[in-house]
Every structure is written in structure tokens, then in C-alpha cells.
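Down below is the structure, laid out as C-alpha cells.
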Amino acid sequence: MDVFHCTIDTSHGAVGISDTIDGAAPLVMIHGSGSSRTVFSRQLHSHLSRNWRLIALDLPGHGESSDARDPQSTYTVTGLADCIGEVAARLGLHRFPVLGWSLGGHVAIEMAGSGNSISGLMLCGTPPVPSGLLGMLRGFHPSFDILLASKENFTSRDVERFQSLCFGDTSNPSFRDAIARADGRLRSVFSRAMLRGQGVDQRRTVEQADIPIAFVNGFHDPFVKLSYFSGLNIQLLFEGKAHVMEGAGHAPFWEKPESFNSMLDRFLNTVAAHEANIDLKNHHFLSNRSVF
């Protein structure tokens, strides 16, 4: 399956995307801090593209996207969600599931909590935490390493360390370049906004959501407290559990692509079935109203 690349202009700046175009239904994939859409290459160039329209984008300040025109506004969780909403509208997407990784997962939850366009969430390396510092501490391991996620200016040593934390021994040479290219202002602005509790309460959002939600984490994730997920009460939890992938760290979709892609395919079918059920109920409701 061919993958098409283009740039879409938004009020936040130009956004680079990769799009398989064909497929039964769309999936939007959002990368994490310091990364780019190339991190999803093992999904874009897989059997998944035969059945699903896969769309990966570079967040503002990353990859081939431009730096934000207004960093203090765009580089927040609400600003990034708004930017992706503009891209989705330009692509003609009305309701779609999202695969969100790390920071991208937090943006995906924000989108789900602030509108009706999201039909499902698969979250990797993203604990849906309550607002504020205490919430962050519940879902993440406190360490000096996690401070890199909020550090504005990276040294070459920081770049190497961040790459190792995100990808372990499975890194690609392009990942280091992506980290070095990223606009460090996003890390500092985004972290401050999350700590202030900007945006939706992420835990409340996923617990009240009536869409399928999947959690997929690597067993060796250096940032995320895996025990946190057992305390969540999700209405439509995919396959009834938070999935943990052995032999993977913070990026299971990259480290274990075959197993991950199989799970993602099952999840997308679950989302499609749920949407079809909603459509059927709405049809019956409208039919019954017409009788009267």
C-alpha cells in the first residue's frame, strides 16, 4: 500500500502528514514528545493499511511540521488538540479512533473530552491522570529522567538519554535527529500546562467515556506506573484489561510491531462494531419517532 505525504496549513502552523488514503475507516496516530510521524512506520507499512486508512502527523514543532506561530498557545494540550482537529477537518474526518503515544495520548484524551469526534482511544505510555502535580505523581515514576520531558534545551547527552528511554535498544538513527530537531519550547510549555491542570481531567474523561478504550504499555516502560491502570474504571475497556507487552518499553508499537499490529487490528474492529451498533440504535430511534 502506498503512503502519501503532504503538508496541511493550520492556524497553528504547517503540519506534515502521512496518509494511506485507502481503507475502510480512518485511524489518526499521534506521536510523543521529541518524535515524529516516522515512529509509526511499522504500522503505516504493514497489513493494517489493507483494511484501514492510517494517518500519522507531525505535531507542531516536530518532524516536518513548522514550529508553532504562537508557542504559548499551541504547545499546550488544548492547543495541540485544536491543531489536530483542524487537520482532521481538512481531511474530511468526522468521527475516528486515535492511537496516541505518550504526550500524543494526552492530546488524544483532550480531544475525546472536548468533543464528539473521537470514536475510540488506544493509548500507549499514557496514564490518564487527574489534573495537577499530585495526579501526575500517581501515574508516573518520579525520577530525574522524567524531568527531561519538561526541559526546554537539550544537550547532546540529553538527546541520547531521551532516545534510550523512549526506544531502548531498538532505536532507529532517525529518532535521534527527530529529538534534536524538536522545538524544546513545547516540552516546557506543555509540562507547565499539564501541571496547572489545563484541559480536561484525563482520568475522569476516560472513566466517563462511552467509547472503546485500550491501554497498551510495555512491561519495561521507564516512565509509567503500570499498577495505576488497575485502579481505573473504564466502561468499554478493550478485551477487559490493560495490556502489557513483554519485552517492550515505552514504545511497544515500534519494539513489538507484529504483536502490536494484531492487537490494533482487533481494536479497530471493536471500534467499528461499536459505531455500527450506535448507528443501528439511532436508526431504530428515528424510525420509532416517525411512527408518531
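In terms of the UniProt record's numbering, the sequence shown has 152 at position 152, counting the first letter as 1, and numbering is strictly consecutive.
For glycine and all other residues, C-beta sits at the position ideal for the given N, C-alpha and C.
The residue among Leu-48, Val-28, Ile-55, Arg-69 with its C-alpha nearest the C-alpha of Thr-10 is Arg-69. Rounded to whole angstroms, the Cβ separation of Gly-16 and Arg-37 is 7 Å, and the two are in contact under 8 Å.
Beta bridge pairing from DSSP links Phe-215 with Leu-123.
Taking C-beta atoms under 8 Å as the contact rule, His-250 and Leu-165 qualify, at a distance of about 7 Å.
Taking a 10 Å sphere around the C-beta of Asp-210, we find fewer than 16 other C-beta atoms and assign the residue as exposed. Nearest C-alpha to His-47 among Phe-140, Gly-113, Asn-261, Gly-125: Asn-261. Distance between Gly-32 and Leu-268, taken at the CA atoms: about 21 Å. Taking 3 residues as the minimum length, the segment 119-186 contains no beta strand (DSSP E) run wholly inside it.
Following the DSSP letters along the chain, one finds Thr-74 inside the alpha helix (DSSP H) bounded by residues 71-74. Rounded to whole angstroms, the separation of the alpha carbons of His-94 and Arg-192 is 31 Å. If the five residues before and after Gly-168 are omitted, its C-beta is found closer than 6 Å to the C-beta atoms of Gly-249, all from its own chain and listed in chain order. Ile-30 sits close to Leu-57, with the two beta carbons spaced by under 8 Å.
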